[in-house]
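2 protein chains.
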Amino acid sequence: MTEVTDALAQQVWDFVYAHDAAYDRAAQTAGLSAAQACLLEHLAGDGRAMGDLAEELLCDASNVTQLVSRLEARGLVARVPDPTDRRIKRVSITTAGRRVRRTVRQAFEFPSERLGLLTEQEQRQLSELLAKVLAPDRPLG
Amino acid sequence: MTEVTDALAQQVWDFVYAHDAAYDRAAQTAGLSAAQACLLEHLAGDGRAMGDLAEELLCDASNVTQLVSRLEARGLVARVPDPTDRRIKRVSITTAGRRVRRTVRQAFEFPSERLGLLTEQEQRQLSELLAKVLAPDRPLG
DNA sequence: CCCTTTGGTTGAGTGACTAAAGTTTCGCGC
DNA sequence: GCGCGAAACTTTAGTCACTCAACCAAAGGG
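Line by line, the protein sequences are chains A and B. Each residue of the first sequence is one higher than the one before, counting from 1 in my numbering. Each residue of the second sequence is one higher than the one before, counting from 1001 in my numbering.
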């Protein structure tokens, strides 16, 4: 572990801020909050159980309840009961939801506009550096 | 502008997420929210005007009013009237505030624990890449 | 001196989030 | 097959961050 200059830490901060702000803006163009867009992004094909979503999003189940309720109210998502376990409600994305999700993805220009400033080789370099930084990241889940 | 792989975008996402989460945790160890810690970090020596803070933090003035009120209630910050312009209130950090700020800084282990995983040369590399990515970033302020 | 602008606060409203207390359903042990 | 604890989700209550619109007070220029 080497010394880390404040300058680098500051650059990282700015980078993170820019990324966050860009995603916020992208979600907003579709009339969503970042959290809502993020949830939409986590919906696989057949519909995920609320509990699974809470686990993936690292937040409370009741939070997911509310997020889903808001999205459902806009018709972007539907709660479908699981046929084999009536406790479970699976969240599935609607056609409108898929459309909105596409809008958000296209509006999120950070990867193309920012990361795209790097050459292919630089992107590989960045990828390697990030991999190293995030190295032992998931021995906790 | 080259193609950007989803894999790199995902790595960046994870990196940003880890950074955000780390700062949240650091603030929480001092009983603060990230926004409160962030405000504390923006307090220069002699005290900054509310409006300047709002501009720096890129948020509404009334938001700053509330953040400062909460921090003031905890004695971490004080509103001092400007002697030359009675409209202006300058926010200055108290001794307790400085202590809490130090706590947050020390608890924010992301730079040392994560960026510190890189060698000095790799850090320079990362710095250059970030500089390129953030290149034309402030022609809008 | 009005009159406008500037600096800050208040109030109303939304959304994200958490913690605690429900409700319904499942499934196990007996 | 019944009772009971656990699982899955919801409800309620509360906090915080944030925005917008309306507001008050001081400054400053005609």
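No residue lacks a Cβ here, since even glycine has one placed at the ideal position from N, Cα and C. Just so we're clear, the structure is a prediction, and the values are computed from it rather than from any experiment.
The stretch 1080 to 1098 of chain B makes no contact with the stretch 1106 to 1116 of chain B: fewer than 3 CB pairs, one atom from each, lie closer than 8 Å. Just measuring C-alpha positions, the residue of A:Ala-135, A:Leu-115 and A:Gln-121 sitting nearest B:Ala-1135 is A:Leu-115. In terms of beta-carbon proximity, B:Ala-1018 lines the interface with chain A, with at least one pair separated by less than 8 Å.
At a C-beta separation below 8 Å, A:Glu-122 has these neighbours in chain B: Leu-1129 and Lys-1132. Within chain A, the residues whose beta carbon sits less than 8 Å from that of B:Val-1004 are Pro-111, Ser-112, Leu-115, Gly-116 and Gln-123, listed in sequence order. If you look at B:Ser-1127, you'll find it in the alpha helix (DSSP H) that goes 1120 to 1133. Interface flag for B:Leu-1126 against chain A is set, since a Cβ pair is found closer than 8 Å. In the DSSP assignment, B:Ile-1088 is bridged to no other residue. When B:Ser-1069, B:Arg-1070, B:Val-1068 and B:Gly-1051 are compared, the shortest CA-CA separation from B:Ala-1061 is found for B:Gly-1051. Cβ-Cβ separation between A:Gln-66 and B:Leu-1129: approximately 39 Å, too far for a contact (criterion under 8 Å).
When the Cα atoms are used, A:Ser-33 and A:Gln-11 turn out to be separated by approximately 26 Å.
Pairing A:Ala-30 with A:Val-100, the inter-Cα distance amounts to about 6 Å.
Non-local beta-carbon contacts of A:Ala-37 in its own chain, meaning distances under 6 Å to residues more than five positions away in sequence, involve Ala-27 and Val-104 in chain order.
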